[in-house]
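Asker: Sequence lines, in order, name chains A and B. The first sequence begins at 105 in the numbering used here and counts up by one. The second sequence begins at 105 in the numbering used here and counts up by one. We treat Cβ as the ideally placed atom computed from N, Cα and C, and that holds for glycine. Dropping the structure in here first, questions after.
There are 2 protein chains.
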Amino acid sequence: MENCSFSLDTAFHALADSTRRAVISRLMKGPAPVKELAEPFDMGLPAFLKHLRVLEESGLIATEKSGRVRTCRIRPKHLSEAETWLSEQRALWQAGADRLATYVENQMTEDEDE
Amino acid sequence: MENCSFSLDTAFHALADSTRRAVISRLMKGPAPVKELAEPFDMGLPAFLKHLRVLEESGLIATEKSGRVRTCRIRPKHLSEAETWLSEQRALWQAGADRLATYVENQMTEDEDE
DNA sequence: CTTATTGTTTGCCAAGTGGTGAACTGAATG
DNA sequence: CATTCAGTTCACCACTTGGCAAACAATAAG
Chain A
105 MENCSFSLDT AFHALADSTR RAVISRLMKG PAPVKELAEP FDMGLPAFLK
155 HLRVLEESGL IATEKSGRVR TCRIRPKHLS EAETWLSEQR ALWQAGADRL
205 ATYVENQMTE DEDE
Chain B
105 MENCSFSLDT AFHALADSTR RAVISRLMKG PAPVKELAEP FDMGLPAFLK
155 HLRVLEESGL IATEKSGRVR TCRIRPKHLS EAETWLSEQR ALWQAGADRL
205 ATYVENQMTE DEDE
């Protein structure tokens, strides 16, 4: 829908699915064709291709077809942009935690499950 | 729906929305009541409460009601778990990049937009 | 008690997601 | 040419998401 090549919305959405995260993990070890990527999953090719499309539109992977084989590879730069957002937020929190550490010290460490 | 207190699925899903990311950013500066959180957004309370519920079920925030005011705060531990997954993946890729750097060197730096 | 404030719940709806099976295209292979 | 193999497209389906309006608590303030 969007022509934008990268957005946090689409990147995090792409990561919010265990199938797609598993594909990312696999591609971290090197490029692979669609069929090899799809094999571990109990799912038809059409459904799997939808996941690949989500990943490609998010900018997290790139694909290229040569002959009848489409080869997929990772685009680590876009993955690190998502990581950057998270680490920036954590840095923001740590600044606040440092600033307020005196009287809300317990609240910072209080995140056990209730 | 799920009793599980934390999963990458729900955490990344919660982050895949600009409204919810803005709430996270705001809460990084300190706790806040629902009304104050909702004010910047052009959206009714019911819709905003759904976003808050997604955030709370993902474990990224916690809420507590005292009197008629519900106060929300961040749970940074769960945010950093998502960050950890991303940095682990990047580390995996860097290991592979190092290993194969000799003959696929150009592919690693090839991720400009096509 | 009355009223305003702050959530909360309940229906409802349009659009998106995640899967299926079946039909199809286009490149290798015999 | 005939067949298989890899991928693609299509029509369809159940379910979820993200928004609304309206009615409904429950607490605080006058």
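1. What are the start and end residues of the beta strand (DSSP E) that includes A:Glu160?
2. So B:Leu119 and B:Arg125 are in contact, right, with Cβ under 8 Å, and what is the actual spacing, rounded?
3. Excluding the 5 residues flanking B:Phe145 on each side, which residues of the same chain have their C-beta closer than 7 Å to its C-beta?
4. Please check the pair A:Glu47 and A:Thr114, which I expect to be a contact at CB under 8 Å, by giving their CB distance rounded to whole angstroms.
5. Spatial neighbours of A:His117 within its chain, please: CB distance less than 8 Å, with the 5 preceding and 5 following residues excluded, ordered by chain position.
6. Would you tell me roughly how many angstroms separate the C-alpha atoms of B:Trp189 and B:Val173, rounded to the nearest one?
7. Tell me the DSSP secondary structure of B:Pro180 in three-state form.
8. Starting from the C-beta of A:Leu112, find all residues in its chain whose C-beta is less than 7 Å away, skip the five residues before and the five after it, and write them out in chain order.
9. Helix or strand or just coil, what does DSSP make of B:Ala186?
10. Taking only beta-carbon positions, decide if A:Asp146 is within less than 7 Å of chain B.
11. Taking only the alpha-carbon atoms, compute the straight-line gap between A:Leu164 and A:Pro180 and give it to the nearest angstrom.
12. Tell me whether B:Leu183 is buried or exposed, calling it buried when 16 or more other Cβ atoms sit within 10 Å of its Cβ.
13. With H, G and I counted as helix, E and B as strand and the rest as coil, what does DSSP make of B:Ser191?
14. Is there at least one Cβ from chain A nearer than 7 Å to B:Glu187's Cβ?
15. Give a yes or no on whether 7 Å exceeds the smallest Cβ distance from B:Phe116 to chain A.
16. In angstroms, rounded to a whole number, what distance separates the CA positions of B:Leu196 and A:Gly134?
17. Closer than 8 Å, Cβ to Cβ, to anything on chain A: give me those residues from the stretch 168-196 of chain B, in chain order.
Answerer: In this structure, then:
1. Run containing A:Glu160: none in the beta strand (DSSP E); it sits in the alpha helix (DSSP H), Leu149 to Glu161.
2. 6 Å
3. Thr123 and Phe152
4. No information on residue 47 of chain A is available, as it lies outside the stretch 105 to 218 that chain A covers here.
5. Val158 and Ser162
6. 35 Å
7. helix
8. Ala186 and Trp189
9. helix
10. no
11. 7 Å
12. buried
13. helix
14. yes
15. yes
16. 10 Å
17. Arg177, Ile178, Arg179, Pro180, Lys181, His182, Leu183, Ser184, Ala186, Glu187, Trp189, Leu190, Ser191, Gln193, Arg194 and Leu196
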